[in-house]
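Chemist: Protein chains in written order, with the working numbering: chain A, 15 to 128; chain B, -8 to 101. First the structure, then my questions, so here it is.
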């Protein structure tokens, strides 16, 4: 089954404790991206990757890191989480870096930072 | 500031009616346009993409694009209660990220 898998789905953590949200896709997609969704603000892009070893900032990259060492994986790293990073996070992928709007989304990861 | 605007709703329509969802965008260079559906507590799901002016139909859904007016719409014919969801408009701006609108909540009553 074609899918984008995120883990963990739910996480409560404390300020400053490093965490990683993993994302993996099994569709051999070139393009991968991370979004956060907040009430009243909609979906905002954090980082994206056009291919292996190629990453770039989206609209709200502060406080986040990413890496793309393998085509299928695109982890999101919060080095020192803060309460304003409490949000619903989505990983998404697209077949081609030329058609980046046709996205498959993961199920989401709800993060709470206390 | 590159923006994608949608009425937040809720848009309420009776079962069987046509639901019309609208979206405007600020960047005239935008080339690709998308509609996503998001059920409460779920992830967004692509339902339509449109790349050229005019209408594109897929089952009960029709996407309409007017680049001169910087306007894209989604029509849902014969609306069903299962269509009740938030609909997100997204616009691909060249050299920039895919920009999402904040979404319009649709409620279809039986």
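Note that beta-carbon positions come from the ideal geometry of N, C-alpha and C, so glycine has one too.
1) Tell me, which residues are paired with residue 5(B) by DSSP?
2) What residue from 40(A), 47(A), 71(A), 25(A) has the CA that sits closest to residue 88(A)'s CA?
3) Are any of the Cβ atoms in chain A nearer than 7 Å to that of residue 85(B)?
4) Where in the stretch 26 to 59 of chain A do unbroken runs of the beta strand (DSSP E), each at least 3 residues long, occur, reported from the N-terminal end onward?
5) Using CA coordinates, which residue listed in 44(A), 59(A), 39(A), 19(A) is at the minimum distance from residue 101(A)?
6) Looking at the secondary structure, which residues open and close the beta strand (DSSP E) in which residue 19(A) lies?
7) Figure out for me which residue from 1(B), 16(B), 100(B) has the closest Cα to the Cα of residue 57(B).
8) If you count every other CB in all the chains shown that lies within 10 Å of the CB of residue 41(A), and 16 or more means buried, which is it?
9) So what does residue 53(B) bridge to, in DSSP terms?
10) Using a Cβ-Cβ cut-off of less than 8 Å, give me the residues of the stretch 52 to 68 of chain A that come near chain B, in sequence order.
11) Using 8 Å for Cβ pairs, my map puts residue 88(B) next to residue 73(A). What's the rounded Cβ distance?
12) Check whether the Cβ of residue 88(A) lies closer than 7 Å to any Cβ atom in chain C.
13) Looking only at its own chain, which residues have a Cβ that is under 6 Å from the Cβ of residue 16(A), when we skip the five neighbours before and after it?
14) Could you name the residues that DSSP lists as bridge partners for residue 129(B)?
15) Taking 7 Å as the threshold (C-beta atoms), are residue 50(A) and residue 103(A) in contact?
16) Just checking my contact of residue 70(A) with residue 61(A) at CB under 8 Å: how many whole Å lie between their CB atoms?
17) Check whether the Cβ atoms of residue 97(B) and residue 37(B) lie closer than 7 Å to each other.
18) Taking DSSP as the reference, what is the three-state secondary structure of residue 98(A)?
19) Which residues in the same chain as residue 6(B) place their Cβ atom closer than 8 Å to its Cβ, once the five residues preceding and following it in sequence are excluded?
20) Would the stretch 60 to 69 of chain B and the stretch 9 to 23 of chain B be scored as touching if the rule is three or more Cβ pairs under 8 Å?
Modeler: Reading it off the structure:
1) 100(B)
2) 47(A)
3) It does not; no Cβ of chain A falls within 7 Å.
4) 33 to 39, 45 to 52
5) When each option's Cα is compared against that of residue 101(A), the closest is 59(A).
6) 18 to 21
7) 16(B)
8) exposed
9) 48(B), 66(B)
10) 54, 55, 56, 57, 58, 59, 62
11) The Cβ separation is near 6 Å, so the contact holds.
12) As a matter of chain content, chain C is missing from the structure shown, whose protein chains are A and B.
13) 41
14) Any question about residue 129(B) goes unanswered here, given that chain B covers just -8 to 101.
15) One thing to note: residue 103(A) has its Cβ within 7 Å of the Cβ of residue 50(A).
16) 7 Å
17) no
18) helix
19) 70, 71, 72, 99, 100, 101
20) yes
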